[in-house]
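> Top line first, the protein sequences correspond to chains A and B.
With the first letter of the first sequence counted as 1, position 18 gets the number 18 in this note's numbering; the numbers rise by one all the way through.
With the first letter of the second sequence counted as 1, position 75 gets the number 75 in this note's numbering; the numbers rise by one all the way through.
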Amino acid sequence: MEKSAVFNSSRLLPYALLAPQLIITFVFFYWPASQAVLQSFKREDAFGLVSEFVGLENYHALFAQPEYYRAMLTTLVFSTLVAGLSLLIALLFATQADKNLKAAPAYKTFMIWPYAVAPAVAGVLWFFIFHPSLGTLARPLRGLGLDWNPLLNGNHAMTLVVMSAVWKQIAYNFLFFLAGLQSIPKSVIEAGAIDGAGPMRRFWTIVFPLLSPTTFFLLVVNVVYVFFDTFGIIDAVTGGGPAGATTTMVYKVYADGRLGGNLGGSAAQSVVLMVIVIALTAVQFKYVERKVQY
Amino acid sequence: MVEHRPWNDIIAYAILTLGVFIVAFPVYVAMIASTHDAATVVGGRMPLSPGGHALENYYRAIFVGGSRTAPEPVGQLLLNSFISAIGIAVGKICISILSAYAVVYFRFPFRKTAFWIIFVTLMLPVEVRIYPTYKVVADLRMLDTYAGLILPLIASATGTLLFRQFFMTVPDELLEASRIDGAGPFRFFKDTLLPLSITTISALFVIQFIYGWNQYLWPLLITTQDSMQTIVTGIKKMLVTTDELAEWQLAMATAVLAMLPPVAVVIFMQRLFVRGLVETEK
Numbered sequence: 001m002e003k004s005a006v007f008n009s010s011r012l013l014p015y016a017l018l019a020p021q022l023i024i025t026f027v028f029f030y031w032p033a034s035q036a037v038l039q040s041f042k043r044e045d046a047f048g049l050v051s052e053f054v055g056l057e058n059y060h061a062l063f064a065q066p067e068y069y070r071a072m073l074t075t076l077v078f079s080t081l082v083a084g085l086s087l088l089i090a091l092l093f094a095t096q097a098d099k100n101l102k103a104a105p106a107y108k109t110f111m112i113w114p115y116a117v118a119p120a121v122a123g124v125l126w127f128f129i130f131h132p133s134l135g136t137l138a139r140p141l142r143g144l145g146l147d148w149n150p151l152l153n154g155n156h157a158m159t160l161v162v163m164s165a166v167w168k169q170i171a172y173n174f175l176f177f178l179a180g181l182q183s184i185p186k187s188v189i190e191a192g193a194i195d196g197a198g199p200m201r202r203f204w205t206i207v208f209p210l211l212s213p214t215t216f217f218l219l220v221v222n223v224v225y226v227f228f229d230t231f232g233i234i235d236a237v238t239g240g241g242p243a244g245a246t247t248t249m250v251y252k253v254y255a256d257g258r259l260g261g262n263l264g265g266s267a268a269q270s271v272v273l274m275v276i277v278i279a280l281t282a283v284q285f286k287y288v289e290r291k292v293q294y
Numbered sequence: 001m002v003e004h005r006p007w008n009d010i011i012a013y014a015i016l017t018l019g020v021f022i023v024a025f026p027v028y029v030a031m032i033a034s035t036h037d038a039a040t041v042v043g044g045r046m047p048l049s050p051g052g053h054a055l056e057n058y059y060r061a062i063f064v065g066g067s068r069t070a071p072e073p074v075g076q077l078l079l080n081s082f083i084s085a086i087g088i089a090v091g092k093i094c095i096s097i098l099s100a101y102a103v104v105y106f107r108f109p110f111r112k113t114a115f116w117i118i119f120v121t122l123m124l125p126v127e128v129r130i131y132p133t134y135k136v137v138a139d140l141r142m143l144d145t146y147a148g149l150i151l152p153l154i155a156s157a158t159g160t161l162l163f164r165q166f167f168m169t170v171p172d173e174l175l176e177a178s179r180i181d182g183a184g185p186f187r188f189f190k191d192t193l194l195p196l197s198i199t200t201i202s203a204l205f206v207i208q209f210i211y212g213w214n215q216y217l218w219p220l221l222i223t224t225q226d227s228m229q230t231i232v233t234g235i236k237k238m239l240v241t242t243d244e245l246a247e248w249q250l251a252m253a254t255a256v257l258a259m260l261p262p263v264a265v266v267i268f269m270q271r272l273f274v275r276g277l278v279e280t281e282k
């Protein structure tokens with residue numbers, strides 16, 4: 001789509017208007033992104049003084065590391081759990097809030113504010129509640145005979161990180177599900193009711209299929225969220241531990257570059273991540289185009 | 001509604017109340033913890049009702065700082081967060097409204113190219129290129145500066161896309177009318193387009209303020225002095241110690257302070273927030 005009425009007289013003005021954004025984009029986006037790609041083919045010594053071209057060596061080294069496959073697996077488990085749980089829970093709440101309740105607007109406000117809580121802060125809150133020695137809910141867990149300790153037990157640490165990430169993401173999914181539910185014409189649902197379909201049947205045969213564009217959109221957004229925004233949660237709660245049990249791919253980029261000083265390896269991981277994100281974004285755009293026709 | 005069964009409403013209320021409880025519980029516990037003294041919190045038998053040390057804890061957190069783990073008082077960190085969040089929001093709005101104006105209202109060589117150059121930035125969040133970006137910022141001597149906290153985070157396309165989308169809905173007649181009145185590109189922008197864009201600008205501001213306030217990885221990397229940290233990165237530092245030494249009551253007071261501004265924005269500007277959230281994702 002294009003505007004038909006435009007300014008044609010000015011020659012330089014449009015470039016001047018674009019300049020600030022283009023300069024910032026080149027300096028802080030294209031330059032570093034290309035450096036990441038270049039660096040992934042190089043090896044630097046510990047002081048960053050000498051760097052030599054090593055071809056695909058960083059990638060070979062990366063894919064020879066059992067830890068990298070472990071980080072991939074952790075990322076897969078983590079994103080499946082967080083995306084799945086937060087979507088399910090949010091859908092449950094959204095369907096209830098979509099009913100004709102007097103207090104529905106108030107409930108909506110109460111459900112969406114965690115969106116504003118920083119991931120790192122969300123992590124700290126949950127860490128505090130489930131802290132092995134002083135957590136409010138850790139004591140009842142021990143009372144049940146569970147030797148709860150997310151500082152030592154990898155599964156417990158993962159559970160805690162998943163809970164924090166889900167808690168934070170419910171708000172977002174709730175908002176979009178509610179909007180999606182409210183855009184479904186009431187007449188379709190009434191037609192189902194006249195045909196004798198009960199609430200559950202109506203949900204699964206009418207509402208859920210009509211909601212599928214929203215669900216698919218949210219699925220992609222949630223996976224991107226789990227990949228990147230949860231960094232703060234993981235760093236605040238577990239620091240990737242214990243023993244690497246919560247080290248996701250993004251966390252490993254950070255840890256290898258900073259703590260390990262392996263910039264070439266870290267850059268190679270960045271490039272792998274870039275490829276994954278570009279693939280995800282491509283999927284999302286394909287979906288957006290479909291929605292236009294929908 | 002199709003049918004109205006009382007039990008149906010009761011179930012809905014029960015589920016939603018449970019949801020609100022789950023959502024509120026961690027924050028409630030944090031608020032309670034910030035009103036007790038250190039011994040009560042660390043003892044592991046903290047009651048779920050407020051204690052009497054609220055003023056003392058918040059005063060210490062904001063103005064004095066922790067004794068062992070976080071010497072920097074949170075007041076400075078709050079200020080840093082405000083400056084960088086507002087800087088990110090305002091900066092992004094300024095550069096993107098101008099570039100969208102250029103792309104929509106002008107015809108010039110390489111227009112499509114410029115748009116695509118900006119558009120591609122949508123695909124790569126700062127997390128995947130942290131070290132090279134760090135190096136650029138270090139070379140520009142922007143470590144530990146507000147410019148370093150702000151500029152790399154405004155290099156993204158969301159704002160440009162949002163304004164472009166909005167400008168496309170502005171009727172062409174407005175431009176024709178102001179041209180008949182003799183208005184050039186500056187006057188049209190200032191007198192017609194900008195006033196029409198107020199809601200879009202506000203919605204983008206709300207979203208970007210929250211985004212900027214909640215940044216974690218980037219401020220963590222580029223701040224080396226404690227006095228330049230943001231409040232979100234500062235909390236973590238309070239806890240990096242053996243647990244017995246961490247002053248949890250101060251950390252929780254800090255967490256509450258770190259949540260307050262963005263949560264207030266969501267609650268009091270809910271309409272703008274929802275609008276911004278939905279429209280930036282389109």
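Each residue gets a CB set at the ideal place from its N, CA and C atoms; glycine is no exception.
Predicted model, so just to flag it, every value in this text is computed and none were measured.
1. Can you pull the DSSP bridge partners for residue 7 (chain A)?
2. Among A:25, A:219, A:250, whose alpha-carbon lies nearest the alpha-carbon of residue 116 (chain B)?
3. Short check: CB of residue 157 (chain B) to CB of residue 122 (chain B), under 9 Å?
4. Going by DSSP, which residues form a beta bridge with residue 44 (chain A)?
5. Would you report the Cα separation of residue 291 (chain A) and residue 280 (chain B), rounded to the nearest angstrom?
6. How would you list, in chain order, the residues of chain A whose beta-carbon sits under 9 Å from the beta-carbon of residue 176 (chain B)?
7. Answer with buried or exposed for residue 264 (chain B), where buried requires no fewer than 16 other C-beta atoms within 10 angstroms of its C-beta.
8. With 9 Å set as the bound, which would you pick, yes or no: does the beta-carbon of residue 268 (chain A) sit closer than that to a beta-carbon of chain B?
9. Quick check: what's the CA-CA separation for residue 67 (chain A) versus residue 216 (chain B)?
10. Just confirm the distance between the C-beta atoms of residue 136 (chain A) and residue 29 (chain B), as a whole number of angstroms; I'd bet it's less than 8 Å.
11. Consider the Cβ of residue 24 (chain B): report whether some Cβ of chain A lies at a distance smaller than 9 Å.
12. Flag this pair as yes or no: are the beta carbons of residue 200 (chain B) and residue 175 (chain B) separated by less than 9 Å?
13. Is residue 293 (chain A) close to chain B, meaning its C-beta is less than 9 Å from at least one C-beta of that chain?
14. Under three-state DSSP, which class holds residue 65 (chain A)?
15. Determine the chain A residues that contact residue 211 (chain B) at a beta-carbon separation under 7 Å, and present them in chain order.
16. What separation, rounded to the nearest whole angstrom, lies between the Cα atoms of residue 133 (chain B) and residue 261 (chain B)?
17. According to DSSP, is residue 28 (chain B) part of a helix, a strand, or is it coil?
18. Closest by CA to residue 41 (chain A), which one among A:31, A:32, A:52?
19. Report all residues from its chain with a CB closer than 8 Å to the CB of residue 127 (chain B); omit the five preceding and five following residues, and keep chain order.
20. For residue 167 (chain A), report the span of its alpha helix (DSSP H) as first-last.
21. How about residue 170 (chain B) and residue 143 (chain B): do their beta carbons lie closer than 9 Å?
22. How about residue 181 (chain A) and residue 94 (chain A): do their beta carbons lie closer than 9 Å?
23. My output table needs one value for residue 142 (chain B): the three-state DSSP class, helix, strand or coil.
24. Are the region 245-253 of chain B and the region 34-45 of chain B touching, with three or more C-beta to C-beta distances below 8 Å?
25. Pick helix, strand or coil for residue 100 (chain A), following the three-state DSSP scheme.
26. What span of residues does the alpha helix (DSSP H) with residue 197 (chain A) cover, start to end?
Inspection of the coordinates gives the following:
1. B:106
2. A:25
3. yes
4. A:51
5. With a pLDDT of 48 at residue 291 (chain A), under the threshold of 50, the modelled position of that residue is not reliable, and no figure is offered here.
6. 5
7. exposed
8. no
9. 25 Å
10. 6 Å
11. yes
12. no
13. Confidence is the limiting factor: at residue 293 (chain A) the pLDDT is only 35, short of 50, which leaves the residue's position unreliable and the question unanswerable from this model.
14. coil
15. Ordered by position in chain A, no residue passes the 7 Å Cβ test against residue 211 (chain B), which lies about 10 Å from the chain.
16. 28 Å
17. helix
18. A:52
19. 217
20. 154-182
21. no
22. yes
23. coil
24. yes
25. coil
26. Segment: none, residue 197 (chain A) is in no alpha helix (DSSP H) and carries neither H nor E.
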